[in-house]
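Engineer:
There are 2 protein chains.
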Amino acid sequence: MLWLVGLGLGSRGYVTEEAWRAMRGADAVYLDAYTSFVEDGLLDEVRRHAGGRLVVADRHVLEDRSREIVSRAASEDVVVAVPGDPLIATTHSSLIVEAARSGVPWRIVHGVSIFSAAISRAGLSPYRFGRTVTLPRDAEDEVLRGIWRTIAVNSSTGLHTMLLLDTAGGGLTAGEASEMLLGSVDSSEVDEAVRDPLVVYCARLGMSGERVGVARLSSLRSIDLPPPPHVLLVPSKLGPGERDFVRHVLKSDEEPVTVSSPVHVRAARYVAKARSALSRLEVLIDTREVRRALDHAANYVSDAENFLNSGREEDALVAVSYAEGILDALRLLGAVRFEW
Amino acid sequence: MLWLVGLGLGSRGYVTEEAWRAMRGADAVYLDAYTSFVEDGLLDEVRRHAGGRLVVADRHVLEDRSREIVSRAASEDVVVAVPGDPLIATTHSSLIVEAARSGVPWRIVHGVSIFSAAISRAGLSPYRFGRTVTLPRDAEDEVLRGIWRTIAVNSSTGLHTMLLLDTAGGGLTAGEASEMLLGSVDSSEVDEAVRDPLVVYCARLGMSGERVGVARLSSLRSIDLPPPPHVLLVPSKLGPGERDFVRHVLKSDEEPVTVSSPVHVRAARYVAKARSALSRLEVLIDTREVRRALDHAANYVSDAENFLNSGREEDALVAVSYAEGILDALRLLGAVRFEW
Numbered sequence: 027m028l029w030l031v032g033l034g035l036g037s038r039g040y041v042t043e044e045a046w047r048a049m050r051g052a053d054a055v056y057l058d059a060y061t062s063f064v065e066d067g068l069l070d071e072v073r074r075h076a077g078g079r080l081v082v083a084d085r086h087v088l089e090d091r092s093r094e095i096v097s098r099a100a101s102e103d104v105v106v107a108v109p110g111d112p113l114i115a116t117t118h119s120s121l122i123v124e125a126a127r128s129g130v131p132w133r134i135v136h137g138v139s140i141f142s143a144a145i146s147r148a149g150l151s152p153y154r155f156g157r158t159v160t161l162p163r164d165a166e167d168e169v170l171r172g173i174w175r176t177i178a179v180n181s182s183t184g185l186h187t188m189l190l191l192d193t194a195g196g197g198l199t200a201g202e203a204s205e206m207l208l209g210s211v212d213s214s215e216v217d218e219a220v221r222d223p224l225v226v227y228c229a230r231l232g233m234s235g236e237r238v239g240v241a242r243l244s245s246l247r248s249i250d251l252p253p254p255p256h257v258l259l260v261p262s263k264l265g266p267g268e269r270d271f272v273r274h275v276l277k278s279d280e281e282p283v284t285v286s287s288p289v290h291v292r293a294a295r296y297v298a299k300a301r302s303a304l305s306r307l308e309v310l311i312d313t314r315e316v317r318r319a320l321d322h323a324a325n326y327v328s329d330a331e332n333f334l335n336s337g338r339e340e341d342a343l344v345a346v347s348y349a350e351g352i353l354d355a356l357r358l359l360g361a362v363r364f365e366w
Numbered sequence: 027m028l029w030l031v032g033l034g035l036g037s038r039g040y041v042t043e044e045a046w047r048a049m050r051g052a053d054a055v056y057l058d059a060y061t062s063f064v065e066d067g068l069l070d071e072v073r074r075h076a077g078g079r080l081v082v083a084d085r086h087v088l089e090d091r092s093r094e095i096v097s098r099a100a101s102e103d104v105v106v107a108v109p110g111d112p113l114i115a116t117t118h119s120s121l122i123v124e125a126a127r128s129g130v131p132w133r134i135v136h137g138v139s140i141f142s143a144a145i146s147r148a149g150l151s152p153y154r155f156g157r158t159v160t161l162p163r164d165a166e167d168e169v170l171r172g173i174w175r176t177i178a179v180n181s182s183t184g185l186h187t188m189l190l191l192d193t194a195g196g197g198l199t200a201g202e203a204s205e206m207l208l209g210s211v212d213s214s215e216v217d218e219a220v221r222d223p224l225v226v227y228c229a230r231l232g233m234s235g236e237r238v239g240v241a242r243l244s245s246l247r248s249i250d251l252p253p254p255p256h257v258l259l260v261p262s263k264l265g266p267g268e269r270d271f272v273r274h275v276l277k278s279d280e281e282p283v284t285v286s287s288p289v290h291v292r293a294a295r296y297v298a299k300a301r302s303a304l305s306r307l308e309v310l311i312d313t314r315e316v317r318r319a320l321d322h323a324a325n326y327v328s329d330a331e332n333f334l335n336s337g338r339e340e341d342a343l344v345a346v347s348y349a350e351g352i353l354d355a356l357r358l359l360g361a362v363r364f365e366w
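As they're listed, the protein sequences go chains A and B. Last residue of the first sequence? That's 366 in the numbering used here, and every number before it is there in order. Last residue of the second sequence? That's 366 in the numbering used here, and every number before it is there in order.
(1) Select from the region 150-161 of chain A all residues with a C-beta closer than 9 Å to any C-beta belonging to chain B, and list them in chain order.
(2) Need the endpoints of the alpha helix (DSSP H) that L258/A sits in, please.
(3) Candidates R230/A, V291/A, R163/A: which alpha carbon is nearest F333/A's?
(4) Determine the chain A residues that contact F141/B at a beta-carbon separation under 7 Å, and present them in chain order.
(5) Nearest chain B C-beta to S62/A closer than 9 Å, yes or no?
(6) Please compile the residues from chain B whose C-beta is within a distance smaller than 8 Å of the C-beta of A349/A.
(7) Note down, in chain order, every chain E residue with its Cβ under 8 Å from the Cβ of F333/A.
(8) For G232/B, which residues in the same chain have their Cβ closer than 6 Å to its Cβ, ignoring the five residues on either side in sequence?
(9) Quick check: is the beta carbon of I134/A nearer than 9 Å to any beta carbon in chain B?
(10) Comparing alpha-carbon positions, which option in V211/B, A349/B, L30/B, R273/B lies nearest A303/B?
(11) At 3 residues or longer, what runs of the beta strand (DSSP E) sit wholly inside the region 98-135 of chain A?
(12) Using a Cβ-Cβ cut-off of less than 7 Å, give me the residues of the region 263-278 of chain A that come near chain B, in sequence order.
(13) Could you check the C-alpha separation between L191/A and G32/B for me, to the nearest Å?
(14) Quick one, are the C-beta atoms of Y296/B and V344/A less than 9 Å apart?
(15) Measure the C-alpha to C-alpha separation of R73/B and T199/B and round it to an integer number of angstroms.
(16) With DSSP as the reference, identify every bridge partner of L224/A, one or two as the case may be.
(17) Of the residues that make up the region 307-341 of chain B, which ones have a beta carbon closer than 9 Å to any beta carbon in chain A?
(18) Can you list the residues of chain B that V171/A reaches, using a CB-CB cut of under 8 Å?
(19) To the nearest angstrom, how far is the alpha carbon of R50/A from that of G78/A?
(20) In terms of alpha-carbon separation, which member of L69/B, I122/B, F63/B lies closest to W29/B?
(21) Whole angstroms is fine: what's the gap from G267/A's alpha carbon to D354/B's?
(22) I'd like to know whether the C-beta of Y296/B is nearer than 9 Å to at least one C-beta of chain A.
(23) Count the C-beta pairs between the region 276-287 of chain B and the region 236-243 of chain B that are closer than 8 Å, then say yes if the count reaches three, no if not.
(24) Between D222/A and the rest of its own chain, which residues show a CB-CB distance below 8 Å, the 5 nearest in sequence each way excluded?
(25) Within its chain, find whatever has a CB closer than 6 Å to the CB of A59/B; leave out the 5 residues flanking it on each side and keep chain order.
(26) Give me the Cβ distance between S139/A and G110/A, rounded to the nearest whole Å; I'm assuming they're in contact under 8 Å.
(27) In or out: R273/A buried (at least 16 other Cβ within 10 Å) or exposed?
(28) What residues from the region 31-56 of chain B come within 9 Å of chain A, judged by C-beta to C-beta, listed N to C?
(29) Measure from the alpha carbon of V289/A to the alpha carbon of each residue in D341/A, A324/A, K299/A, D312/A, then state which is nearest.
(30) In chain order, what residues of the same chain have a beta carbon less than 6 Å from the beta carbon of Y56/B, not counting five sequence neighbours either side?
(31) Would you mind working out which of L150/A, D212/A, E124/A sits nearest L185/A, comparing C-alpha positions?
(32) Going by C-alpha to C-alpha distance, which of I177/A, P255/A, R157/A sits closest to D217/A?
(33) Nearest to I311/A by CA position, among A361/A, A323/A, V108/A, is which residue?
(34) Measure the C-alpha to C-alpha separation of A323/B and R306/A and round it to an integer number of angstroms.
(35) Let me make sure I understand the geometry here. Which of S204/B, V309/B, D270/B, A52/B has the alpha-carbon closest to that of V260/B?
(36) Ordered along the chain, which non-local residues of its own chain (more than five positions away) have a Cβ less than 8 Å from that of E331/B?
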């Protein structure tokens, strides 16, 4: 049997009984020590349980020798032990896929994952999170811009963002993440209001020296945190229970800034342009029909403004674009003169 | 000290060492037996650890007597033990808030949460989930429609949806959830393609009788599952690793259907309407200017089509609305005749 076993948050105390049982009974225990953090106390305890059957595996062992591991599991109890939940990073799902394809019995023992623990420790509601992102150490500009876009899209729909930081190579710190992100913010894409968002930082969650707090992204560089793993959460608008937690437990009185969606920003720009065109417009052919068409356009610009104020952003975009079409048609026919 | 302790997935094997330690040392252990499931074996083991200091608490005890519990924790070690992760449902965050406000020391012991375990057990990537939703037993039509909208919005941006089912009153089954959802689908809002989505169902994850599989939402009613807790995941487009897992581990060859976003559906409808208007349009004043304006409108309709095909949905909406404005202006001026 192939056992894929989660070890939890990286300290000894977060291992479940089920995980210890699997390791005690195994013929071999492969410990993944490269995708995440394992405290010395945990490593010692795994060694104590697994004895001489422990293999501390690097990426090479688990990825290149997966066939060998799975075929060994056909006749023996083989444990692959992974910090956190063993499948949440999907790196190891190929082991289970291979076992299933080869008819080797398998079993998954879930572990405490940073994915749920960070949300919970920050007092934020799991129902208010949008897409989660991860920041690799070698992230290029395009990846960093993608992270900003995800934060903006989540924020504009009232959703928080979880930002997992690279755990390889000693792990990325909150301060390093802050520098990478602030160095890549594209002011044409990211609303000024969220270029330095409030973040909840979680350092060493469930491990010795755990530290959780709230700060502006830019000030993370000057906060002295214990070594990684670090995780950042970027809250959007807080619910009442969330606000209480942030205020009284995380000790911050600051309110996260929410941001307008890209559609809102665009529609608002078009409305301003159309208003300005209408105010400076000169009528060249002054007939009742032309006046009617101009009124029609002006009404649609007003509609667009009202839609914007009531959060109906697509309706605003449709209305103002329609008004622009009317104005341009009148200009093409020589009935009016104006500049956009 | 107030200890908020997660018990994991509801079976004995999923309790961490840290959680047992907290319960053993406590002067009182309040066990939350109302927000989630606790197997008999786990209950017995908690009783064994906590002895006469165990209070099996209902909603009344934990919510109404929270002040009493917190003030007791000022001088004693009081554990509130909760299945899953103790804060993921946020029901209990008010206890920590109260402790923090009263200066009572507190500690959180995270537990294995269904929130991460379900994603992991389904072989889906946590980076590909959008907003999570929950289905209460007494959900009214508006709530059910909201769930459909969330599934549609997530799906249209390539994101999966986790659908947690009510755990109160014995828990909602996958079959009951399926009936509630299918009975409320509003065909004007939900793209036909996703009215009967492929779902991954997880029954009793981490508990006796665990069962995980893939089915159409409508066929959940006829699958014989063990009793709740049940959770549903609605996958959007699968990545390669996810597809391997669904195919070989969950044994399904079906592909989830992805759905067009509401903006896409709207822009496509407008383009069709504009195309039809253009094709049946009659020119009443045949001047060069009118022909130019008509060409201009037709070009924008073509642009809108191209934008739609390349995923630029807002650009499509802008272009086609602009074209409509031109056509309506020409009609208002009496230059053309057509019906929308």
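By construction, the Cβ of each residue, glycine as well, lies at the ideal position given by its N, Cα and C atoms.
Structural biologist: Looking at the coordinates:
(1) For the region 150-161 of chain A, which is checked against every Cβ of chain B, the residues closer than 9 Å are L150, S151, P152, Y153, R154, F155, G156, R157, T158, V159, T160.
(2) If you number the first sequence from 1, residue 258/A lands on position 232. Per DSSP, L258/A belongs to no alpha helix (DSSP H); it is in the beta strand (DSSP E), 256-260.
(3) Position 307 of the first sequence, counted from the start, is the residue given in the question as residue 333/A. Cα-wise, what sits closest to F333/A is V291/A.
(4) Here residue 141/B corresponds to residue number 115 of the second sequence, with the count starting at 1. Chain A residues near F141/B: S142, P152.
(5) Sequence index remark: in the first sequence, residue 62/A carries index 36 (1-based). By this cut-off, S62/A is not an interface position.
(6) On the first sequence, position 323 is the one that residue 349/A refers to. Within chain B, the residues near A349/A are G351.
(7) Annotation note: the requested chain E is absent from the structure, which comprises protein chains A and B.
(8) Position 206 of the second sequence, counted from the first residue, corresponds to residue 232/B. Same-chain partners within the cutoff: L35, S37, Y40.
(9) Stepping through the first sequence from its first residue, residue 134/A is reached at position 108. Yes, I134/A counts as interfacial toward chain B.
(10) By one-based count along the second sequence, residue 303/B stands at place 277. Comparing Cα positions, the closest option is A349/B.
(11) Correct list: 104-108, 132-135.
(12) Listed by position along the chain: G267, D270, F271, H274, V275.
(13) Residue numbering aside, residue 191/A sits at position 165 when the first sequence is read from its first letter. Residue numbering aside, residue 32/B sits at position 6 when the second sequence is read from its first letter. Taken atom to atom, the span from the alpha-carbon of L191/A to that of G32/B is near 25 Å.
(14) Start at 1 with the first residue of the second sequence, and residue 296/B comes out as number 270. Start at 1 with the first residue of the first sequence, and residue 344/A comes out as number 318. Cβ atoms of Y296/B and V344/A: closer than 9 Å.
(15) Numbered from its first residue, the second sequence carries residue 73/B at position 47. Numbered from its first residue, the second sequence carries residue 199/B at position 173. Whole-angstrom Cα-Cα distance: 29 Å.
(16) Position 198 of the first sequence, counting from 1, holds the residue named residue 224/A. L224/A is bridged to R242/A.
(17) Within the region 307-341 of chain B, the residues whose Cβ lies closer than 9 Å to some Cβ of chain A are T313, E315, V316, R318, A319, H322, A323, Y326, E340, listed in chain order.
(18) Taking the first sequence and counting its residues from 1, the one referred to as residue 171/A is at position 145. Per the sequence shown, residue 171/A should be read as Arg rather than Val. Those do not exist, as R171/A stays about 17 Å from chain B at its closest Cβ, beyond 8 Å.
(19) Reading the first sequence from its first residue, position 24 is the one you call residue 50/A. Reading the first sequence from its first residue, position 52 is the one you call residue 78/A. Cα-Cα distance, rounded: 11 Å.
(20) Numbered from its first residue, the second sequence carries residue 29/B at position 3. For W29/B, the nearest C-alpha among the options comes from I122/B.
(21) Here residue 267/A corresponds to residue number 241 of the first sequence, with the count starting at 1. Here residue 354/B corresponds to residue number 328 of the second sequence, with the count starting at 1. Taking the straight line joining both Cα atoms gives about 50 Å.
(22) On the second sequence, residue 296/B is found 270 positions in, with the first residue counted as 1. True, the Cβ-Cβ gap to chain A drops below 9 Å.
(23) The region 276-287 of chain B, when compared against the region 236-243 of chain B, does touch it at the 8 Å Cβ threshold.
(24) Position 196 of the first sequence, counting from 1, holds the residue named residue 222/A. Listed in chain order, the non-local C-beta contacts of D222/A below 8 Å within the same chain comprise L208, R242, L243, S244, local neighbours out to five positions each way being set aside.
(25) Here the question's residue 59/B lines up with position 33 in the second sequence. Within the same chain, A59/B has close Cβ partners V82.
(26) Taking the first sequence and counting its residues from 1, one reaches residue 139/A at position 113. Taking the first sequence and counting its residues from 1, one reaches residue 110/A at position 84. That pair is a contact at about 5 Å.
(27) Counting from 1 along the first sequence, the entry for residue 273/A is found at position 247. Buried: at least 16 other Cβ atoms inside 10 Å.
(28) Listed by position along the chain: G32, G34, L35, S37, R38, G39, Y40, V41, T42, E43, E44, A45, W46, R47.
(29) Residue mapping note: residue 289/A aligns to position 263 of the first sequence, counting from 1. V289/A has its Cα closest to that of D341/A, out of D341/A, A324/A, K299/A, D312/A.
(30) Here residue 56/B corresponds to residue number 30 of the second sequence, with the count starting at 1. V81, A83, V106, listed in sequence order.
(31) Here residue 185/A corresponds to residue number 159 of the first sequence, with the count starting at 1. Nearest C-alpha to L185/A: L150/A.
(32) Indexing the first sequence from 1 puts residue 217/A at position 191. The residue from I177/A, P255/A, R157/A with its alpha-carbon nearest to that of D217/A is I177/A.
(33) Against the first sequence, residue 311/A aligns to sequence position 285. Residue A361/A is the option with its Cα nearest to I311/A.
(34) Here residue 323/B is taken as the residue at index 297 of the second sequence, counted from 1. Here residue 306/A is taken as the residue at index 280 of the first sequence, counted from 1. For A323/B and R306/A, the distance between alpha carbons rounds to 24 Å.
(35) As a position in the second sequence, residue 260/B is number 234, starting the count at 1. Closest by alpha carbon: S204/B.
(36) Taking the first residue of the second sequence as position 1, residue 331/B is located at position 305. If we look at E331/B and ignore the five residues flanking it on each side, its Cβ neighbours are V297, A342.
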